[in-house]
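Novice: Protein sequences appear in the order of chains Y and U. Going by the working numbering, the first residue of the first sequence is number 189, and it counts up by one from there. Going by the working numbering, the first residue of the second sequence is number 189, and it counts up by one from there. Here a beta-carbon is modelled for each residue, glycine too, at the ideal position from N, C-alpha and C. Just so you know, these numbers come straight off a predicted model, no measurement behind them.
Number of protein chains: 2
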Amino acid sequence: MAEAKTLQSYISGKWQSGAERGSALVNPTDGSTVAYASSKGLDLKSALHYSRRVGGAELRKIGYAQRAALLGKIADALAAKRERWYEISRINSGNTKADTGIDVDGSIGTLKYFAKIGAALGDANSLADGAPARLARDANFQGVHIGVPLSGVAVHINAFNFPGWGLWEKAAVSLLSGVPVFAKPATSTCWLAQEMIAAVVDANILPDGSISLLCGSPNDLLDHLQMGDAVAFTGSADTGQQIKQSAGVREHGVRVNIEADSLNAALLGPDVADGSASMNYFVREVVREMTLKAGQKCTAIRRVLVPAEREKATTEAIAAALSQVKVGNPENAEVGMGPVVNAAQRKSVEEGIRTLSKQARVAYQASDFKLVDADAQAGAFVSPTLLQAQDSSDGSIVNELEVFGPVATVVPYKSKEEAFAIARRGGGSLAASVFSEDSAYLAEAAIALGNSHGRVLLVDPSIGDSHTGHGIVLPSLLHGGPGRAGGGEELGGLHGMWFYHQRVAVQGSGPTLAAIVGRAVELPKA
Amino acid sequence: MAEAKTLQSYISGKWQSGAERGSALVNPTDGSTVAYASSKGLDLKSALHYSRRVGGAELRKIGYAQRAALLGKIADALAAKRERWYEISRINSGNTKADTGIDVDGSIGTLKYFAKIGAALGDANSLADGAPARLARDANFQGVHIGVPLSGVAVHINAFNFPGWGLWEKAAVSLLSGVPVFAKPATSTCWLAQEMIAAVVDANILPDGSISLLCGSPNDLLDHLQMGDAVAFTGSADTGQQIKQSAGVREHGVRVNIEADSLNAALLGPDVADGSASMNYFVREVVREMTLKAGQKCTAIRRVLVPAEREKATTEAIAAALSQVKVGNPENAEVGMGPVVNAAQRKSVEEGIRTLSKQARVAYQASDFKLVDADAQAGAFVSPTLLQAQDSSDGSIVNELEVFGPVATVVPYKSKEEAFAIARRGGGSLAASVFSEDSAYLAEAAIALGNSHGRVLLVDPSIGDSHTGHGIVLPSLLHGGPGRAGGGEELGGLHGMWFYHQRVAVQGSGPTLAAIVGRAVELPKA
Numbered sequence: 189m190a191e192a193k194t195l196q197s198y199i200s201g202k203w204q205s206g207a208e209r210g211s212a213l214v215n216p217t218d219g220s221t222v223a224y225a226s227s228k229g230l231d232l233k234s235a236l237h238y239s240r241r242v243g244g245a246e247l248r249k250i251g252y253a254q255r256a257a258l259l260g261k262i263a264d265a266l267a268a269k270r271e272r273w274y275e276i277s278r279i280n281s282g283n284t285k286a287d288t289g290i291d292v293d294g295s296i297g298t299l300k301y302f303a304k305i306g307a308a309l310g311d312a313n314s315l316a317d318g319a320p321a322r323l324a325r326d327a328n329f330q331g332v333h334i335g336v337p338l339s340g341v342a343v344h345i346n347a348f349n350f351p352g353w354g355l356w357e358k359a360a361v362s363l364l365s366g367v368p369v370f371a372k373p374a375t376s377t378c379w380l381a382q383e384m385i386a387a388v389v390d391a392n393i394l395p396d397g398s399i400s401l402l403c404g405s406p407n408d409l410l411d412h413l414q415m416g417d418a419v420a421f422t423g424s425a426d427t428g429q430q431i432k433q434s435a436g437v438r439e440h441g442v443r444v445n446i447e448a449d450s451l452n453a454a455l456l457g458p459d460v461a462d463g464s465a466s467m468n469y470f471v472r473e474v475v476r477e478m479t480l481k482a483g484q485k486c487t488a489i490r491r492v493l494v495p496a497e498r499e500k501a502t503t504e505a506i507a508a509a510l511s512q513v514k515v516g517n518p519e520n521a522e523v524g525m526g527p528v529v530n531a532a533q534r535k536s537v538e539e540g541i542r543t544l545s546k547q548a549r550v551a552y553q554a555s556d557f558k559l560v561d562a563d564a565q566a567g568a569f570v571s572p573t574l575l576q577a578q579d580s581s582d583g584s585i586v587n588e589l590e591v592f593g594p595v596a597t598v599v600p601y602k603s604k605e606e607a608f609a610i611a612r613r614g615g616g617s618l619a620a621s622v623f624s625e626d627s628a629y630l631a632e633a634a635i636a637l638g639n640s641h642g643r644v645l646l647v648d649p650s651i652g653d654s655h656t657g658h659g660i661v662l663p664s665l666l667h668g669g670p671g672r673a674g675g676g677e678e679l680g681g682l683h684g685m686w687f688y689h690q691r692v693a694v695q696g697s698g699p700t701l702a703a704i705v706g707r708a709v710e711l712p713k714a
Numbered sequence: 189m190a191e192a193k194t195l196q197s198y199i200s201g202k203w204q205s206g207a208e209r210g211s212a213l214v215n216p217t218d219g220s221t222v223a224y225a226s227s228k229g230l231d232l233k234s235a236l237h238y239s240r241r242v243g244g245a246e247l248r249k250i251g252y253a254q255r256a257a258l259l260g261k262i263a264d265a266l267a268a269k270r271e272r273w274y275e276i277s278r279i280n281s282g283n284t285k286a287d288t289g290i291d292v293d294g295s296i297g298t299l300k301y302f303a304k305i306g307a308a309l310g311d312a313n314s315l316a317d318g319a320p321a322r323l324a325r326d327a328n329f330q331g332v333h334i335g336v337p338l339s340g341v342a343v344h345i346n347a348f349n350f351p352g353w354g355l356w357e358k359a360a361v362s363l364l365s366g367v368p369v370f371a372k373p374a375t376s377t378c379w380l381a382q383e384m385i386a387a388v389v390d391a392n393i394l395p396d397g398s399i400s401l402l403c404g405s406p407n408d409l410l411d412h413l414q415m416g417d418a419v420a421f422t423g424s425a426d427t428g429q430q431i432k433q434s435a436g437v438r439e440h441g442v443r444v445n446i447e448a449d450s451l452n453a454a455l456l457g458p459d460v461a462d463g464s465a466s467m468n469y470f471v472r473e474v475v476r477e478m479t480l481k482a483g484q485k486c487t488a489i490r491r492v493l494v495p496a497e498r499e500k501a502t503t504e505a506i507a508a509a510l511s512q513v514k515v516g517n518p519e520n521a522e523v524g525m526g527p528v529v530n531a532a533q534r535k536s537v538e539e540g541i542r543t544l545s546k547q548a549r550v551a552y553q554a555s556d557f558k559l560v561d562a563d564a565q566a567g568a569f570v571s572p573t574l575l576q577a578q579d580s581s582d583g584s585i586v587n588e589l590e591v592f593g594p595v596a597t598v599v600p601y602k603s604k605e606e607a608f609a610i611a612r613r614g615g616g617s618l619a620a621s622v623f624s625e626d627s628a629y630l631a632e633a634a635i636a637l638g639n640s641h642g643r644v645l646l647v648d649p650s651i652g653d654s655h656t657g658h659g660i661v662l663p664s665l666l667h668g669g670p671g672r673a674g675g676g677e678e679l680g681g682l683h684g685m686w687f688y689h690q691r692v693a694v695q696g697s698g699p700t701l702a703a704i705v706g707r708a709v710e711l712p713k714a
């Protein structure tokens with residue numbers, strides 16, 4: 189490989205270099221440095237202003253359907269270089285092919301989804317929310333709600349685990365809405381985002397200023413936010429809080445959407461028998477969630493809730509399946525799980541396991557850790573680790589400490605009410621899944637878990653093989669969860685566009701409102 | 189009058205007294221003390237827990253329509269004691285009859301509105317948002333969004349200016365949603381809220397625990413919030429920021445809705461001729477907004493945007509009308525404007541006028557301030573004051589300093605684009621109004637102002653007499669604005685219920701989702 193280069197940022201309509209070599213991006217399989225990123229000295233105030241002034245104006249010269257068509261072109265440009273994205277994901281994220289599929293094919297699929305449903309919105313540049321309705325005795329005095337695209341720039345701060353999908357799932361909705369994107373990927377894996385944006389810039393798809401990319405530290409980025417800007421963040425709850433408290437956000441009331449990782453639970457229903465199809469579906473899903481992306485998904489299962497009388501059998505079944513997973517170099521097709529993203533993350537996971545162990549016993553961990561085509565010293569490898577909790581009360585570690593790696597904890601419950609209560613002790617989560625053959629129980633679980641989760645997956649045997657998975661985010665469904673998970677609402681089909689629009693009540697005479705609504709479009713129901 | 193008593197709080201299902209006499213509530217017309225409020229020593233952690241555990245469970249034993257019926261009963265109970273509310277409003281808020289009408293009749297009207305539209309929601313206890321739709325190749329694997337009422341308590345922190353309406357417009361939506369209310373009115377005018385809640389408690393309308401009231405300081409209230417709680421706040425932008433940064437809110441990701449006062453603008457269209465009907469409607473509305481509630485409305489007009497060539501005539505017309513307004517004791521039927529809420533507020537308004545005067549000249553202020561039936565020394569009276577700005581650029585005082593009293597500033601503009609730009613310099617506002625006879629211009633203004641405002645009123649002569657007013661909040665329309673105005677969304681008909689529901693994506697088999705959606709109700713369009 190050639191000497192690692194420093195990645196440029198794309199701001200104010202051109203590629204720009206930071207004033208130093210910058211932070212190293214590594215290959216987590218062997219620890220080698222693959223690139224650098226630096227934003228030192230870049231004029232971010234001007235860059236944001238350029239996005240608003242040039243990008244915003246250009247994007248809103250055309251309507252929703254035309255912008256949707258641009259998303260389709262981005263998807264095509266990305267699809268044409270799919271092999272390159274797989275290569276970068278393997279080198280910079282340690283991703284297996286299955287891991288990369290979620291990130292890269294998820295990017296392309298999400299863009300295509302919004303290209304398709306956005307096409308139905310026509311030439312409009314504002315949303316209608318209902319028809320004008322009378323407001324007073326005089327029938328001619330009416331009111332209606334419309335959505336007007338934000339006047340500012342959408343700052344998208346993404347997590348290291350999905351450098352592709354995190355970028356495009358946010359950008360798709362923002363661009364469709366007519367709001368320019370200013371993307372700040374996590375530095376450790378920003379290479380993929382950088383080359384993807386370069387491909388889109390080279391293909392000359394988007395109007396000038398409508399997409400920007402910052403590689404490296406955000407520096408003073410948030411200080412220059414204004415009313416009309418928006419921030420969408422995916423990452424840790426702590427960083428989410430920092431963003432909400434930053435001066436630019438507070439002083440200008442900038443809207444913020446947070447998607448924070450959470451203590452997601454998978455719940456085995458009280459009715460499920462050992463050895464049943466549902467039990468097998470449950471065990472398979474837990475193992476998939478623990479090992480896919482080496483457990484580095486915000487939505488991954490962290491807590492495995494099982495009836496106390498089934499704890500032993502379930503734990504043994506999960507442990508047995510985990511022992512079959514080959515860990516090592518993702519380039520080797522036999523490997524089922526690659527490394528975590530870097531040495532710091534490995535250390536964090538190892539420390540997390542030690543902390544969990546204070547209140548849980550380790551039920552599975554590879555005692556003789558044989559890596560495939562990889563060196564345990566150089567790479568950031570962690571064994572899949574299953575724990576079994578002794579305590580699941582309020583304030584116990586298993587409900588509070590998220591270990592962001594291939595780690596989950598089995599938690600026994602004594603009644604269905606207790607199971608729902610334990611799930612809630614995560615303090616608000618992105619996703620829960622429930623496995624049962626009892627449809628009434630599944631419906632009850634949806635309501636019981638519904639106000640502490642953003643998504644609930646109910647698996648009965650009829651969809652055991654066809655459901656898309658506990659941790660997989662679909663563009664047509666809400667992504668986000670309450671409380672600790674940040675309280676955000678991303679995606680959810682066209683609903684996600686409201687984050688990039690101001691909902692405004694308009695009052696006036698019938699003819700005036702008819703003219704306004706006539707130029708707007710009502711979002712179709714999903 | 190009898191000696192002023194200390195108002196009790198209604199928490200944990202009973203009336204409780206603070207451990208001291210507490211803060212004085214005054215009559216702003218003569219400065220006398222009318223009551224005290226103290227929350228010292230009250231166990232707010234237990235009180236919140238009682239709301240969640242008892243109130244939440246009780247409220248959700250019944251469905252939307254039954255809760256809507258309770259709102260109707262509250263409206264009836266309040267209507268039966270209307271004279272008493274007018275008396276308290278006059279004594280504790282210095283309100284004229286017109287002022288009280290917005291607060292008290294606004295309360296009753298809003299409750300009746302939600303009683304009526306909530307009745308259509310039937311027995312359901314969850315919301316459906318669209319129909320189940322296929323998610324994968326297998327048509328049986330589907331997804332749908334539902335809304336589940338929050339599991340916690342709704343803390344409503346209200347402003348001093350609408351002790352009645354502020355309480356009930358929030359409580360109506362929260363109770364209808366099935367979420368118990370914990371009301372914290374502003375101490376200075378909490379007497380009305382306290383007696384209103386006592387009337388509702390005495391009438392035994394609501395299930396135990398579903399409404400609580402805290403009179404006095406909030407003390408450690410926010411420290412005990414949990415995931416599933418919600419805070420709705422109306423008041424200053426500064427206090428709103430403090431609430432968002434409080435530990436309980438931050439650490440548990442508690443959702444917060446902020447309605448902050450703002451620099452609302454009224455805009456005279458470029459087409460409006462001197463002496464025209466539109467000009468008269470405009471002048472009348474500015475004067476009404478300046479003097480109603482002595483200018484103490486979050487939505488009141490603060491900036492009067494007029495074409496430069498019409499500045500002189502408009503200013504003179506507004507000044508002439510202001511000179512006709514009689515200021516004094518609200519008990520006197522001749523009085524058009526009462527005092528501001530207390531001496532501290534009077535001082536704040538006087539200081540604000542001095543600050544505005546640095547960049548604006550005083551165009552009207554009563555030089556010989558003759559009060560009707562009142563003593564200028566004892567009462568909190570301020571003359572209606574109109575200023576004329578010399579500078580309206582970014583960062584100038586007129587766009588940044590809200591003087592919360594009978595004060596507005598005329599700002600000249602040179603082009604319609606400049607007028608829209610000046611309106612935006614308020615940094616996000618609750619309401620704007622535009623007066624014009626040109627329907628195309630009004631439609632353009634709705635879009636141009638739409639993303640920096642929560643509500644835009646477009647007045648052409650056909651509704652000059654029938655529109656409900658720049659500053660009047662209607663239950664069917666969104667109340668809230670972006671940026672400085674807090675980014676909140678209250679009311680807006682049934683849309684407001686989403687703040688009290690968690691929107692959750694549910695995935696499952698067709699039959700399971702059909703069962704869930706079958707028990708939910710889709711919100712009808714306004």
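Around the C-beta of U/ALA316, are 16 or more other C-beta atoms found within 10 angstroms, so that it is buried, or is it exposed?
Specialist: Counting from 1 along the second sequence, the entry for residue 316 of chain U is found at position 128. Under this definition U/ALA316 is a buried residue.
Novice: Thinking C-beta only, is U/SER365 closer than 7 Å to U/PRO337?
Specialist: Taking the first residue of the second sequence as position 1, residue 337 of chain U is located at position 149. Taking the first residue of the second sequence as position 1, residue 365 of chain U is located at position 177. Contact: yes.
Novice: Cα separation between U/GLY404 and U/ARG278?
Specialist: Looking up residue 404 of chain U in the second sequence gives position 216. Looking up residue 278 of chain U in the second sequence gives position 90. Going by the C-alpha atoms only, they are around 21 Å apart.
Novice: With C-beta atoms as the reference, is Y/GLY642 less than 7 Å away from Y/LEU618?
Specialist: As a working mapping, residue 642 of chain Y is identified with position 454 in the first sequence. As a working mapping, residue 618 of chain Y is identified with position 430 in the first sequence. Yes, they are a contact pair.
Novice: Would you be able to state if there are at least three C-beta pairs under 8 Å between the region 238-248 of chain U and the region 284-292 of chain U?
Specialist: no
Novice: Check whether the Cβ atoms of U/ILE393 and U/LYS261 lie closer than 7 Å to each other.
Specialist: Here residue 393 of chain U refers to the residue found at position 205 when the second sequence is read from its first residue. Here residue 261 of chain U refers to the residue found at position 73 when the second sequence is read from its first residue. Against a cut-off of 7 Å, the Cβ pair of U/LYS261 and U/ILE393 comes out as a contact.
Novice: Give the interface partners of U/ASN283 over in chain Y, defined as CB-CB distance under 8 Å, in chain order.
Specialist: On the second sequence, position 95 is the one that residue 283 of chain U refers to. Going along chain Y, no residue has its Cβ under 8 Å from U/ASN283, so there is no contact; the nearest lies around 23 Å.
Novice: Which ranges does the beta strand (DSSP E) cover as unbroken runs of at least 3 residues, wholly within the region 531-618 of chain U, from first to last along the chain?
Specialist: Secondary structure within the region 531-618 of chain U: the beta strand (DSSP E) runs of 3 or more consecutive residues, fully enclosed, are 548-553, 573-577 and 595-601 (chain order).
Novice: Which residues of chain U have a Cβ atom closer than 8 Å to the Cβ of Y/SER640, listed in chain order?
Specialist: Along the first sequence, read from residue 1 onward, the residue named residue 640 of chain Y stands at position 452. Residues of chain U passing the Cβ test: SER339, MET415, GLY416 and GLN690.
Novice: DSSP puts U/LEU621 in a beta bridge; with which residues?
Specialist: Sequence index remark: in the second sequence, residue 621 of chain U carries index 433 (1-based). The question names Leu, but residue 621 of chain U is Ser in the sequence shown. DSSP output for U/SER621 lists U/ALA454 and U/LEU645 as bridge partner(s).
Novice: Are there 16 or more other CB atoms within 10 angstroms of the CB of U/LYS558, so buried, or fewer, so exposed?
Specialist: Taking the second sequence and counting its residues from 1, the one referred to as residue 558 of chain U is at position 370. Under this definition U/LYS558 is an exposed residue.
Novice: What are the boundary residues of the beta strand (DSSP E) that Y/THR194 is part of?
Specialist: By one-based count along the first sequence, residue 194 of chain Y stands at place 6. Unbroken beta strand (DSSP E) run through Y/THR194: 193-195.
Novice: Using beta-carbon positions only, say whether Y/ILE446 and Y/PHE421 come within less than 7 Å of one another.
Specialist: Within the first sequence, numbered from 1, the residue matching residue 446 of chain Y stands at position 258. Within the first sequence, numbered from 1, the residue matching residue 421 of chain Y stands at position 233. Their beta carbons are under 7 Å apart, which means Y/ILE446 touches Y/PHE421 by this criterion.
Novice: Using a Cβ cut-off of 7 Å (strictly closer), state whether Y/GLN533 contacts chain U.
Specialist: Your numbering for residue 533 of chain Y matches position 345 in the first sequence. Closer than 7 Å: no.
Novice: Check the Cβ of Y/GLN237 against every Cβ in chain U and list those closer than 8 Å, keeping chain order.
Specialist: Position 49 of the first sequence holds residue 237 of chain Y. According to the sequence shown, residue 237 of chain Y is His rather than Gln. Correct list: empty, because the minimum Cβ distance to chain U is about 13 Å.
Novice: Looking at the unbroken alpha helix (DSSP H) that takes in Y/LYS372, where does it start and where does it end?
Specialist: In the first sequence, the residue the question calls residue 372 of chain Y occupies position 184. Premise fails: Y/LYS372 lies in the beta strand (DSSP E), 369-372, not in any alpha helix (DSSP H).
Novice: Give, in chain order, every unbroken run of the beta strand (DSSP E) that is at least 3 residues long and sits entirely within the region 216-278 of chain U.
Specialist: Qualifying beta strand (DSSP E) stretches, in chain order: 221-225.
Novice: What distance in whole Å lies between the Cβ atoms of Y/ILE506 and Y/LEU455, which are believed to be in contact at a cut-off of 8 Å?
Specialist: On the first sequence, position 267 is the one that residue 455 of chain Y refers to. On the first sequence, position 318 is the one that residue 506 of chain Y refers to. That pair is no contact at about 14 Å.
Novice: Bridge partners of U/LEU666, per DSSP?
Specialist: In the second sequence, counting from the first residue as 1, residue 666 of chain U sits at position 478. Paired residues: U/LEU679.
Novice: Under a CB-based cut-off of 7 Å, is U/SER466 close to chain Y?
Specialist: In the second sequence, the residue the question calls residue 466 of chain U occupies position 278. Not an interface residue.
Novice: Which residues of the region 611-633 of chain U have a Cβ closer than 7 Å to any Cβ of chain Y? Give them in chain order.
Specialist: GLY615, GLY616, SER627, LEU630 and ALA631
Novice: I need the straight-line Cα distance from U/SER555 to U/ALA521, nearest angstrom please.
Specialist: Position 367 of the second sequence, counting from 1, holds the residue named residue 555 of chain U. Position 333 of the second sequence, counting from 1, holds the residue named residue 521 of chain U. Their Cα atoms are separated by approximately 23 Å.
Novice: Leaving out five residues before and five after Y/ILE541 in sequence, what residues of the same chain have Cβ atoms less than 7 Å from its Cβ?
Specialist: Locating residue 541 of chain Y in the first sequence gives position 353, where the first residue counts as 1. Closer than 7 Å at the Cβ level, and outside the excluded window around Y/ILE541, lie THR573, VAL591 and VAL595.
Novice: So, is the C-beta of U/LEU510 closer than 7 Å to a C-beta in chain Y?
Specialist: Counting from one through the second sequence, the residue named residue 510 of chain U turns up at place 322. It does not: the Cβ of U/LEU510 has no partner Cβ on chain Y nearer than 7 Å.
Novice: Using only alpha-carbon positions, find the residue among Y/ALA265, Y/ALA461, Y/THR375 and Y/LEU309 that is nearest to Y/GLY297.
Specialist: The sequence position of residue 297 of chain Y within the first sequence is 109, counting from 1. Minimum Cα distance to Y/GLY297 is reached at Y/ALA265.
Novice: Taking only beta carbons into account, state which residues of the region 300-318 of chain U come closer than 9 Å to chain Y, listed in chain order.
Specialist: If the cut-off is 9 Å between Cβ atoms, the region 300-318 of chain U has ASN313, SER314, ASP317 and GLY318 near chain Y.
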